[in-house]
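Peer 1:
Residue numbers (UniProt numbering): 1 to 313.
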C-alpha cells in the first residue's frame with residue numbers, strides 16, 4: 001500500500017460500543033482505485049470468552065449482516081462494502097467499506113440536527129422500512145438486538161439519574177411510574193421501559209413491526225435524539241405526516257399503515273428513545289460544550305413525566 005496512512009475516526013469510551021473505526025488513506029495515483037477506505041473492527045482488543053466478549057461478537061456479527069443485506073438493494077443509501085472478514089476463534093473481524101466522508105456532510109451529535117436534516121433522515125428511513133417490508137431477508141438475516149444491549153442501560157440507571165439531577169432535573173422525574181408500564185414490578189421508569197421491551201415487544205401489533213426492531217423505534221430515535229425541544233414540539237406532527245406519506249407511497253399493497261398507526265408507534269417508543277439517549281449523553285459527558293445534548297435530554301425527561309401524569313389522571 002504505497003504511502004498508506006491511517007487515522008482513528010472514533011473509539012467510543014462506553015463499555016458497550018462494538019466498533020473501532022479507522023480511515024486508511026492511500027498514496028497511489030490510480031483514479032480507478034479509492035483514495036481512502038474505512039475499516040471497522042471489534043472494539044474489544046482480545047478474544048476473551050466472557051459475557052462482554054460474546055456481546056461484542058454478537059453485535060459485530062449483526063452489523064456485518066446489515067451490511068450484507070443493504071448491498072442487495074440499490075435504493076438504500078449505504079456505503080459500498082469492499083470486504084467483510086467475519087470474527088473467528090483466532091481472528092477479530094473487520095469490515096472494509098467506502099469512505100463517504102468526501103461526499104457526505106459530517107454532523108455533530110452534540111449539536112443535533114436541523115428540522116430539514118431530520119426530515120431527510122426520516123425519508124431515508126421510510127425507504128429502508130418499505131424495502132424491508134417487501135423483502136423478508138431483513139427479518140431472517142438481521143437478528144434482534146441481544147438482551148445484553150439493553151441490560152447495561154438498567155445497570156447504569158443510577159449513574160444516569162445522578163448525572164441529570166446534578167443538571168437540575170428534579171428527582172421526582174425518575175421515580176414516577178408511567179401507567180403504561182406499571183404491570184412490571186420494578187421501581188423506576190428506566191427498568192420498566194427495558195423490561196417492557198424485553199418481554200412485550202414481540203407482542204406488538206404486526207402493523208408496528210417492519211424489520212428487526214420496528215419503525216416506531218427508528219422514527220422516535222431519529223426525532224428525539226436530534227431535535228431541540230422546541231423544534232421537536234413544533235414539528236413532530238408534520239415530520240411524521242411526511243414520513244407516513246413516503247411510507248405509503250412505497251409500501252406493498254397489502255400493507256395498510258395509517259397515520260394513526262405511525263403516531264401510535266412514535267408515542268409508544270418515545271420513552272425508549274429517551275432512555276437510550278441517556279446513554280449517549282453519559283458517553284460524552286466529559287466532552288466540552290455538551291449543553292445542547294443535555295438540554296435535549298431534559299426536554300425528553302419532562303415530556304415523559306408529563307405523559308405519565310396525564311395517564312395517571
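No residue lacks a Cβ here, since even glycine has one placed at the ideal position from N, Cα and C.
With burial defined as no fewer than 16 other Cβ atoms inside 10 Å of the residue's Cβ, what is the status of residue 105: buried or exposed?
Peer 2: Residue 105 comes out exposed.
Peer 1: Could you tell me the distance, in whole angstroms, from the CA atom of residue 70 to the CA atom of residue 76?
Peer 2: Answer to the nearest angstrom: the Cα atoms are 6 Å apart.
Peer 1: State the Cα-Cα distance for the pair residue 133 and residue 250, rounded to the nearest angstrom.
Peer 2: Whole-angstrom Cα-Cα distance: 10 Å.
Peer 1: When we look at the beta-carbon of residue 247 and count the other beta-carbons within 10 Å, is it buried (16 or more) or exposed?
Peer 2: Buried, since its Cβ has 16 or more Cβ neighbours within 10 Å.
Peer 1: Check residue 82 in the structure and name its three-state DSSP category.
Peer 2: Strand.
Peer 1: List the DSSP bridge partners of residue 96.
Peer 2: BP columns for residue 96 point to 39, 83.
Peer 1: Alpha carbon to alpha carbon, what distance is there between residue 29 and residue 219?
Peer 2: Their backbone Cα atoms lie some 42 Å apart in a straight line.
Peer 1: State the start and end residues of the unbroken alpha helix (DSSP H) segment that holds residue 288.
Peer 2: First-last for residue 288: undefined, no H or E at that position.
Peer 1: Could you tell me the alpha carbon to alpha carbon distance between residue 299 and residue 26, rounded to whole angstroms?
Peer 2: Looking at the two C-alpha atoms, the distance is approximately 45 Å.
Peer 1: For the alpha helix (DSSP H) holding residue 258, just list the boundary residues, first then last.
Peer 2: Where residue 258 is concerned, there is no enclosing alpha helix (DSSP H), given that its DSSP letter is neither H nor E.
Peer 1: In the DSSP assignment, find the alpha helix (DSSP H) that holds residue 54 and state where it starts and stops.
Peer 2: Run containing residue 54: 51–70, per the alpha helix (DSSP H) assignment.
Peer 1: Around the C-beta of residue 181, are 16 or more other C-beta atoms found within 10 angstroms, so that it is buried, or is it exposed?
Peer 2: Unreliable positioning characterises residue 181 in this predicted model, as indicated by a pLDDT of 34, which lies under 50. A coordinate reading is not provided.
Peer 1: Taking 7 Å as the limit between beta carbons, can you name the residues of its chain near residue 216, skipping five residues before and five after?
Peer 2: Taken in chain order, the residues that qualify are 208, 265, 266, 268, 269.
Peer 1: Of the choices 129, 144, 124, whose alpha-carbon is the least far from that of residue 65?
Peer 2: Ranking 129, 144, 124 by Cα distance to residue 65 puts 144 first.
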